[in-house]
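>
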Amino acid sequence: MMPAISLSGVDVSFATPAGPFRALDKVALEVPDGRFCVLIGPSGCGKSTLLRVMADLQQPSNGSVSVFGRDPAAARRERRISFVFQDATLLPWRSVLDNVRLPLQVGGWSKLGRAHRDPAEMIALVGLAGRESALPHQLSGGQRQRVAIARALVTRPDILLMDEPFGALDEITRERLNEELLRIWQETRTTVVFVTHSLSEAAFLGQTIVVMGARPGRLTKVVSLDKDTSTHDIDRSSAEFFEITSALRTHLEEAERAAA
1 MMPAISLSGV DVSFATPAGP FRALDKVALE VPDGRFCVLI GPSGCGKSTL
51 LRVMADLQQP SNGSVSVFGR DPAAARRERR ISFVFQDATL LPWRSVLDNV
101 RLPLQVGGWS KLGRAHRDPA EMIALVGLAG RESALPHQLS GGQRQRVAIA
151 RALVTRPDIL LMDEPFGALD EITRERLNEE LLRIWQETRT TVVFVTHSLS
201 EAAFLGQTIV VMGARPGRLT KVVSLDKDTS THDIDRSSAE FFEITSALRT
251 HLEEAERAAA
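All letters in the sequence shown, in the order written, are residues 1 to 260 by the UniProt record's numbering.
1) Does DSSP classify residue 14 as helix, strand or coil?
2) Tell me the DSSP bridge mates of residue 70?
3) Do the stretch 251 to 259 and the stretch 216 to 224 touch if we need at least three Cβ pairs shorter than 8 Å?
4) Can you tell me the Cα-Cα spacing of residue 242 and residue 171, whole angstroms?
5) With distance defined between alpha-carbon atoms, name the residue in 6, 212, 144 and 198 nearest to residue 68.
6) Give the C-beta separation of residue 31 and residue 211 to the nearest angstrom, bearing in mind that I take them to be a contact with Cβ-Cβ under 8 Å.
7) Skipping 5 residues on each side, what residues in its chain have a beta carbon closer than 7 Å to that of residue 44?
8) If you count every other CB in all the chains shown that lies within 10 Å of the CB of residue 10, and 16 or more means buried, which is it?
9) Comparing C-alpha positions only, which one of 29, 70, 83 and 64 sits nearest to residue 55?
10) Nearest-angstrom Cα distance between residue 134 and residue 251?
11) Helix, strand or coil for residue 208 per DSSP?
12) Which of the three DSSP states is assigned to residue 49 in this structure?
13) Mind checking which residues open and close the alpha helix (DSSP H) that includes residue 107?
14) Under the DSSP definition of a beta bridge, which residues are partnered with residue 27?
15) Do you know offhand how far residue 264's Cα is from residue 151's?
16) What does a CB cutoff of less than 8 Å around residue 163 pick up in its chain, not counting 5 residues either side in sequence?
17) Three or more C-beta pairs under 8 Å: does that hold for the stretch 176 to 186 against the stretch 102 to 109?
18) Report the partner residues of residue 83 according to the DSSP bridge assignment.
19) So what does residue 19 bridge to, in DSSP terms?
20) State the start and end residues of the unbroken alpha helix (DSSP H) segment that holds residue 191.
21) Quick check on DSSP: helix, strand or coil for residue 220?
22) What is the DSSP secondary structure of residue 38, reduced to helix, strand or coil?
23) Quick one: what does DSSP say residue 234 is sitting in, helix, strand or coil?
24) Assign residue 70 to buried or exposed, taking buried as 16 or more other Cβ atoms, counted over all protein chains shown, within 10 Å of its Cβ.
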């Protein structure tokens, strides 16, 4: 089966006053269609840059990137990729419903000839039925992130890229949204690439967990977890969960020592 995302030998360098800075070094990765892939690594290792390369928001200096076997620019133009950031970035003067509708109202969506999801159904999917008329300032941080997820899903994307979307939330809200995100993924089977600094979040969400090292950013380990794809659920209090998080911590420490 063709992978949803394929990267081969991807380098990204930036010009700085001190000279070229290499953000990514020879990254090679395949993300299967429908897979939940999590990226972890120390700050500054290029996780967000890698997401931007996948989304065609950052061009690689070298190497190749494909989305379903095509140039990622084509996937971006066809709205096959959606992005959720750490900040919900809602328009404060628009209601929940109007924020979710926004991608369908801008960028020439009507000319694409692609099906989309019903905004009200997406609001219900993220657990906000009844709050369609609320403005962003009337919502909690977790609720605003739910709106951002609904907005990302309304275009029926094939790939959902998420850059630490729950990083600013308290632990209880974060765990609750992890569970909601898994439920949504089980219903939509959208390919997800999710960035986090939390090892427990990575262990709970990921089918594939990619460990990155810094200076320059590179892949140091790819961990595939044998989870039941029908439930994709793991008990946070289980010995299995503890073993996964401990192994991820070891991989991350090894990556940080190698970069020192």
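Glycine is no exception: its CB is placed at the ideal position from the N, C-alpha and C atoms.
Put simply:
1) Sequence index remark: in the sequence shown, residue 14 carries index 14 (1-based). The DSSP-derived three-state label of residue 14 is strand.
2) As a position in the sequence shown, residue 70 is number 70, starting the count at 1. Its beta-bridge partners are 67.
3) yes
4) What you label residue 242 is simply residue 242 of the sequence shown in a count that begins at 1. What you label residue 171 is simply residue 171 of the sequence shown in a count that begins at 1. Each residue's alpha carbon lies about 17 Å from the other.
5) Taking the first residue of the sequence shown as position 1, residue 68 is located at position 68. Taking only the C-alpha atoms, the option nearest residue 68 is 6.
6) Against the sequence shown, residue 31 aligns to sequence position 31. Against the sequence shown, residue 211 aligns to sequence position 211. That belief does not hold up - the Cβ atoms of residue 31 and residue 211 are roughly 15 Å apart, past 8 Å.
7) Here residue 44 refers to the residue found at position 44 when the sequence shown is read from its first residue. Once the five neighbours on either side are set aside, the close Cβ partners of residue 44 are 214.
8) On the sequence shown, position 10 is the one that residue 10 refers to. The residue in question, residue 10, is buried, as its Cβ has 16 or more Cβ neighbours within 10 Å.
9) Here residue 55 refers to the residue found at position 55 of the sequence shown. Answer by Cα proximity: 83.
10) Residue mapping note: residue 134 aligns to position 134 of the sequence shown, counting from 1. Residue mapping note: residue 251 aligns to position 251 of the sequence shown, counting from 1. Approximately 44 Å, taken between the alpha carbons.
11) The residue labelled residue 208 in the question sits at position 208 within the sequence shown. DSSP places residue 208 in strand when its eight states are reduced to three.
12) Position 49 of the sequence shown, counted from the first residue, corresponds to residue 49. Note: residue 49 maps to helix in three-state DSSP.
13) The residue labelled residue 107 in the question sits at position 107 within the sequence shown. Judged by DSSP secondary structure, residue 107 falls outside any alpha helix (DSSP H); it is assigned neither H nor E.
14) Your numbering for residue 27 matches position 27 in the sequence shown. DSSP, once it has assigned bridges, lists 10 as partnering residue 27.
15) The requested residue 264 is not part of the displayed model; the chain covers only 1 to 260.
16) Along the sequence shown, one-based indexing puts residue 163 at 163. Result list for residue 163: 47, 48, 51, 83, 84, 85, 86 and 195, in chain order.
17) no
18) By one-based count along the sequence shown, residue 83 stands at place 83. DSSP lists 161 as partners of residue 83.
19) One-based indexing of the sequence shown puts residue 19 at position 19. Bridge partners of residue 19: 16.
20) Residue mapping note: residue 191 aligns to position 191 of the sequence shown, counting from 1. Unbroken run through residue 191 is the beta strand (DSSP E), 191 to 195; no alpha helix (DSSP H).
21) As a working mapping, residue 220 is identified with position 220 in the sequence shown. Strand.
22) Counting from one through the sequence shown, the residue named residue 38 turns up at place 38. Residue state, collapsed to three classes: strand.
23) What you label residue 234 is simply residue 234 of the sequence shown in a count that begins at 1. Looking at residue 234 - three-state DSSP - the assignment turns out to be coil, as it is neither helix nor strand.
24) Locating residue 70 in the sequence shown gives position 70, counting from the first residue. That one is exposed.
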